[in-house]
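Numbering (the numbering used here), first residue to last: 1149 to 1902. A virtual CB, placed ideally from N, CA and C, is assigned to each residue, including glycine. Computed from a prediction, not measured in an experiment: that's the story for all the values here. A short worksheet on the structure shown next.
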């Protein structure tokens, strides 16, 4: 029989092997060694036969069970049976692999041979390898921060799952059920991937800090992300060829990393606002300064340290630079949309247009050449800049109007003080108004200059335009001040001194306007301002002139009773009216010494002129008519003497002014000569000399003069006047008409009305 033949063959083979082993005498010593070796071989063969027999039986049983499980519709029952089957197979395979450590491929082919499929083989294999145990190990590595090792284990698990799914897909791409089964079995692995990603993103979020403290950790994270990126590419390539891609691919971790960096940058920029306007007026300046410092520091770290931790093709510095630029642009647009005050608009625009590209920030030499400020896009559009500038000019206009109004109100309060105004270093009275106004203008011009030349010019034009309106108000207020004083001359106590300060302020304003234009206006722009400058100068001259006039009114109100004594009987008898007039004028001019030169000079001339006019007016009022030659002589000599007193006084007051005012007193002397004349036949000649010198003398002036003389008949007056009308005059070219201001009363009750 077949069994007997097999036994015979076995014995023959055994004899042949023993004969082969014992061919030489020395081999007899090794018989025991040969026996032990053959016993081991026999035991091994018997064990293999036993296991193979067991596997054959088990596989056949599991094959039947597998097909049965696939037919049942009860999912819970399937799961329970699978767990039992995996446990049994695990025990079987552990025994198998202890005997055949290299039998992996044999087993794989064996499973295929018996039509169990790749799926069942890998299930059996991983039951031995134990996925849950690897998951636990990986979780521990993640918790301890050993991210590279954790990633290696995750990659191993993913490779196993992906290969298993790929084999299943190749064998039966429509079998979604088995695919889902594999996916479920490796379900914990997906959570593991997410947990690892969380740790990576935490490091990425703090990358600018981490790179200084623990660059190795950041390098590990970047390596993991880069490896995942390569795996993504590989899987996508395979998808193009086969149509299969594992679940969760592509992970796009590189893209996520950049998204997280972008969010981190945005949060960093937004988070720098520590204060609000309510808590700190300088909130925006602080906010912008913190942003400047943070961005510069971050970019310097990115350039010097961060770039070394990333592969060159990541272009990390330029990517970060773009992120910061975009985040800043967004933040600046948000700030521009807020209801900003004028100074805040300037702070924002100055930062956006100047600071951002300056050496304090993007133009820093350490960021060069990577950062080219000329290639950086604007942080906010020109349209937004224009809107902000328009709002600024509008706000500034109303602010300046308010500031000027407030400054004038404050100055007016000083005018009624009982203490004298302060004086400048040269002793001229002044108030703080010009300093306050021009300090405010200066501040706004300096602020505007921070932005650009164009805005600076616009602000200067605005300041001067508002100054023009302000000076008109100033003129009106000075006039009201004078009118209020005239109602009660005891009030305000220091009226004269404050009116002097107002006059002096006009000179200060003139000088300040010139200084401001010289400092802030380009020469080619001068023409655009010439008309407004002329207008301001004219207004200031009017204020000063009216101020001087009101002060002289003050003098002449006090002189009135003494002027009323002139050319009266009392005066002829020896009144000291002119002496009192001179003392009073000199006393006032001690105060007027505090008036600045251009106006003081004008005032001295005007005072001199008005004194002479009032004196001549007193003559023309016909208060006295001399009775005889002796009275005419006495009166005339008195007039000449008083003219000399006036001449001396005003020469003294005009000291150093270089002004020749003696000609005014000559008029009084010329009139005195007409009165003094003793020979009536020469009267016409004397009068005609007077008229040729002072051609504005009218007929009524001559009639009044002849009346005062007291010896000319009506016919004589008529003849002289008619003859004079036919004559020619030869006035002094420097003569300023004086008689045209003097009216001759037609009534017999003369009264000084000034």
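- Looking at 1500, 1507, 1602, 1798, the one whose alpha-carbon comes closest to that of residue 1753 is 1798.
- Beta-bridge pairing by DSSP links residue 1571 to 1577.
- Excluding the 5 residues flanking it on each side, residue 1822 has same chain C-beta neighbours closer than 8 Å at 1831, 1834, 1835, 1838, 1853, 1857, in chain order.
- In terms of Cα proximity to residue 1842, the closest of 1621, 1851, 1881 is 1881.
- Residue 1888 and residue 1770 have their alpha carbons spaced roughly 17 Å apart.
- Out of 1740, 1868, 1490, the CA that lies nearest to the CA of residue 1703 is found in 1740.
- Per the C-alpha coordinates, the member of 1862, 1885, 1825 positioned closest to residue 1845 is 1885.
- Under the 8 Å Cβ criterion, the stretch 1407-1417 counts as touching the stretch 1475-1484, having at least three qualifying pairs.
- If you look at residue 1367, you'll find it in the alpha helix (DSSP H) that goes 1363-1390.
- Under the 8 Å Cβ criterion, the stretch 1329-1343 counts as touching the stretch 1284-1292, having at least three qualifying pairs.
- Here residue 1642 carries a coil assignment [DSSP, helix/strand/coil].
- Residue range 1150-1169 is occupied by the alpha helix (DSSP H) that includes residue 1165.
- Here DSSP, grouped into helix, strand and coil, assigns residue 1773 to coil.
- Under the three-pair Cβ rule at 8 Å, the stretch 1718-1725 does not count as touching the stretch 1645-1665.
- Between residue 1440 and residue 1509, the CB-CB gap stays under 7 Å.
- Excluding its 5 nearest sequence neighbours in each direction, residue 1644 has C-beta neighbours in its own chain below 8 Å: 1699, 1702, 1736, 1739, listed in chain order.
- Only residues of its own chain outside the window of five on either side were considered, and among them 1710 have a CB closer than 7 Å to the CB of residue 1728, listed in chain order.
- Between residue 1680 and residue 1591 a beta carbon distance of about 21 Å is seen, past the 8 Å cut, so the two are scored as non-contacting.
- Listed in chain order, the non-local C-beta contacts of residue 1791 below 6 Å within the same chain comprise 1813, 1816, 1817, local neighbours out to five positions each way being set aside.
- Under the three-state reduction of DSSP output, residue 1486 falls in the coil class, being neither helix nor strand.
- A Cβ-Cβ distance of about 5 Å is found for the pair residue 1608 and residue 1668, placing them in contact under the 8 Å criterion.
- Rounded to the nearest whole angstrom, the C-alpha separation of residue 1782 and residue 1712 is 19 Å.
- Apart from sequence neighbours up to five positions away, the residues of its chain that approach residue 1459 with a beta-carbon distance below 7 Å are 1374, ordered along the chain.
- In the structure shown, the three-state DSSP call for residue 1845 is coil.
- The shortest C-alpha to C-alpha distance from residue 1803 to any of 1893, 1779, 1734 is the one to 1734.
- When DSSP states are grouped into helix, strand and coil, residue 1521 belongs to the helix group.
- Nearest neighbour of residue 1564 by Cα position, chosen from 1548, 1537, 1602, 1625, turns out to be 1625.
- Rounded to whole angstroms, the separation of the alpha carbons of residue 1851 and residue 1766 is 14 Å.
- The Cβ atoms of residue 1405 and residue 1443 do not sit closer than 7 Å to each other.
- Around residue 1436, the same chain offers 1495, 1496, 1499, 1503 as residues with beta carbons nearer than 8 Å, after the five sequence neighbours per side are excluded.
- If you look at residue 1301, you'll find it in the alpha helix (DSSP H) that goes 1295-1319.
- At a Cβ-Cβ threshold of 7 Å, residue 1569 and residue 1649 count as neighbours.
- Here DSSP, grouped into helix, strand and coil, assigns residue 1836 to helix.
- When the beta-carbon positions are compared, residue 1330 and residue 1313 come within less than 7 Å of each other.
- Selection 1602, 1562, 1544, 1605 evaluated against residue 1588 yields 1544 as nearest (Cα-Cα).
- Taking each of 1784, 1617, 1368, 1598 in turn and checking the Cα distance to residue 1491, the smallest one comes out for 1598.
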